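Under UniProt numbering, the first residue of the sequence shown carries the number 1, and numbering increases by one thereafter. Glycine included, C-beta positions come from ideal geometry on N, C-alpha and C. Here the structure is a predicted model, which is why all the values come from computation and not from measurement. Okay, so here's the structure we're looking at.
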Amino acid sequence: MCIYTEISSNIRQAREHSLLGNYESALTFYSCGLALIKKHLITIKDYGRKQQWIQVQQEVMQESELVSDINKTLASFTLDEKSNGGCLPYDPLEEPTRDLEVWPPPLPRSQSSGGAVSGPPPAGSRSLASRRPPNDGCRSSGTQGAVRGPSKGAPAKRSGRAPSAAKASSSNNNPSSSRSSASTEASEKKYEAGAVDKDLAEMLERDILQRNPAVRWDDIAELDDAKRLLKEAVVLPMVLPNYFKGIRRPWKGVLMVGPPGTGKTLLAKAVATECGTTFFNVSSTSLTSKWRGESEKLVRILFDMARFYAPSTIFIDEIDSLCSRRGGESEHEASRRVKSELLVQMDGVNGATGQDDDPTKTVMVLAATNFPWDIDEALRRRLEKRIYIPLPSVTGRLALLHINLREVLLDDDVKFEKIAEKLAGYSGADITNVCRDASMMSMRRAIEGLSVEEIKSLRTADLNLPTRMRDFEEAISRVSKSVSAADIEKYEKWMQEFGAT
């Protein structure tokens, strides 16, 4: 354990010196720590532990490289100050003192090579030129590497063109480069918020945005009615944009209601995958902040970002925790403001990005909840389609068994029909837990009574034995259903009153 202490001590001291700005000392401790890790890797024989230490080594190397880059950057600043110290008798950031009553000499009007007189200097050139130091000769006598670019107040170049005009003419002369730059900009389209909201937008894009959830319709068993409605609401407007106009505009909100573990989140991901939309996976914690006013701002930025990346899908999971009934005794003022902003943004999205005639630019709002009776009435109105995601039937349970066990080695006595009958009343998540527990029974039998060292010596083939029917029966006896009949009756009663399928 001595080498572990040495490694930990070196890395800790390296990080402490980095925080204090002692980058040279930090690099020394980082090199010592990396040398000890490299020495320790040679002695490790277990593959799993070796991979973990290799990952630690890579993370420490990244920290060391970052500190080294900071140190080099600071060194370059020092070199710049030394090289320019003889020419600049004042701080470049400090404005030189001058008499405000004395006007500077007029700027010379430079001419282009063709004889045409260049345009007048910019509006702020007089005031900026007056701030220039009088030692222009010292600046010109410097080496080429120390020469700075022209100041903002400098006159136009001899070409008589502004830099932007020169770039525009070069792009016009080379259409292939303009096309490639346009395609690059289109492929790298990125949402840019204002300076005040930049950090909030980056946080949302990092925590919420999923460009490819990679869930297909075939990965979801049964739920044919829900799939049909979601295809009609999201996929078909992308395929038939000329049909979904006017009164046939796409639905702007769909609420999925049902007990937990029935596949509501998978349905939302499948929608985003099948129609190629940008997927925003939102929870209540993603849109809450301890600072006053930031939660409402997060809601607004979320919908602005969805319009920018349209076509997109905003999936709000457990929406009852974010937008419950207003007017309750325990409701806080900040929570009420967030609900109001969410309702305004959903009504303002209107199913599109401000272009109501373009269904291919839709912003679809999907919501899921296990407590539909707690949702605010105004939100329920905005979620125009309210569909019920029930527990799987016998056909659905059979499909779930095939999906979950397609990579598991099964014995000949396994009968899916019998297993599906015994799983009546189980949700999709419960069936997945049963399959996972049953597939591990062979491993449990193989390692029974063995020590940890003996288990390490076993091969994977010794553990990957066929799963038997008896394993499924034992797993079903261990895993109970998570949804009661009273809960199902409550969902069905709510759907009879408020459902819109």
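Who are the near neighbours of Gly499 in its chain, counting only those whose CB is closer than 6 Å to its CB and skipping five residues on each side? Around Gly499: Arg386.
Reducing DSSP to helix, strand and coil, say where Ala486 ends up. Shown here, Ala486 sits in a helix according to DSSP, grouped into three states.
Can you tell me which residues form a DSSP beta bridge with Val363? Answer is Ser312, bridged to Val363.
Residue interval of the beta strand (DSSP E) (run including Ile387): Lys385 to Tyr388 is the span of the beta strand (DSSP E), which, as asked, contains Ile387.
Can you give, in chain order, each stretch of the beta strand (DSSP E) that sits fully within the region 377–419 and has at least 3 residues? For the region 377–419, whole beta strand (DSSP E) runs of length 3 or above, ordered along the chain, are 385–388.
Just how far apart, CA to CA, sit Ala310 and Arg397? Rounded to whole angstroms, the gap between the alpha carbons of Ala310 and Arg397 is 36 Å.
Environment of Asp317 [buried if 16+ CB atoms lie within 10 Å]: Classification of Asp317: buried, given that the 10 Å Cβ count is 16 or more.
Do Ser321 and Ser284 have their C-beta atoms closer together than 8 Å? Inclusion of Ser321 and Ser284 in the CB contact set at 8 Å is warranted, their separation being smaller than that value.
Would a C-beta distance cut-off of 8 Å place Ala226 and Pro392 closer than the cut-off? Taking 8 Å as the Cβ cut-off, Ala226 and Pro392 do not qualify as a contacting pair.
Residue nearest to Glu340 in terms of C-alpha spacing, selected from Leu379, Glu454, Ala438 and Leu366: According to the sequence provided, residue 340 is Ser. The question's Glu does not apply to it. Among Leu379, Glu454, Ala438 and Leu366, the Cα nearest to that of Ser340 is on Leu379.
So, under 8 Å CB-CB, Arg307 and Leu343 are touching, yes? Tell me the CB distance rounded to an integer number of Å. Actually they are not in contact, since the Cβ atoms of Arg307 and Leu343 sit about 17 Å apart, beyond 8 Å.
In the DSSP assignment, find the unbroken alpha helix (DSSP H) run with Val479 in it and report its ends. Bounds of any alpha helix (DSSP H) do not take in Val479, whose DSSP letter is neither H nor E.
DSSP-derived helix/strand/coil call for Leu458: In the structure shown, Leu458 sits in coil (DSSP, three-state: anything other than H, G, I, E or B).
Alpha-carbon spacing of Gln62 relative to Ser335, whole angstroms: In this model, Gln62 and Ser335 are separated by some 42 Å (Cα to Cα).
Pair within 8 Å by beta-carbon distance, Ala368 and Lys490: In this structure, Lys490 does not lie closer than 8 Å to Ala368 by Cβ.
On the criterion of 16 or more Cβ atoms from any shown chain inside 10 Å, does Phe77 qualify as buried, or is it exposed? Note on Phe77: under 16 other CB atoms within 10 angstroms of its CB, so exposed under the neighbour-count rule.
Below 8 Å between beta carbons: does that hold for Ala475 and Val434? Cβ distance < 8 Å, so Ala475 and Val434 count as in contact.
Please report the straight-line C-alpha distance between Thr467 and Ser451, rounded to a whole angstrom. Computed Cα separation, rounded: 23 Å.
If we count the other Cβ atoms within 10 Å of its Cβ and call it buried at 16 or more, is Leu74 buried or exposed? In summary, Leu74 is exposed, with fewer than 16 beta-carbon neighbours lying within 10 Å of its beta-carbon over all protein chains present.
With H, G and I counted as helix, E and B as strand and the rest as coil, what does DSSP make of Thr432? It is helical.
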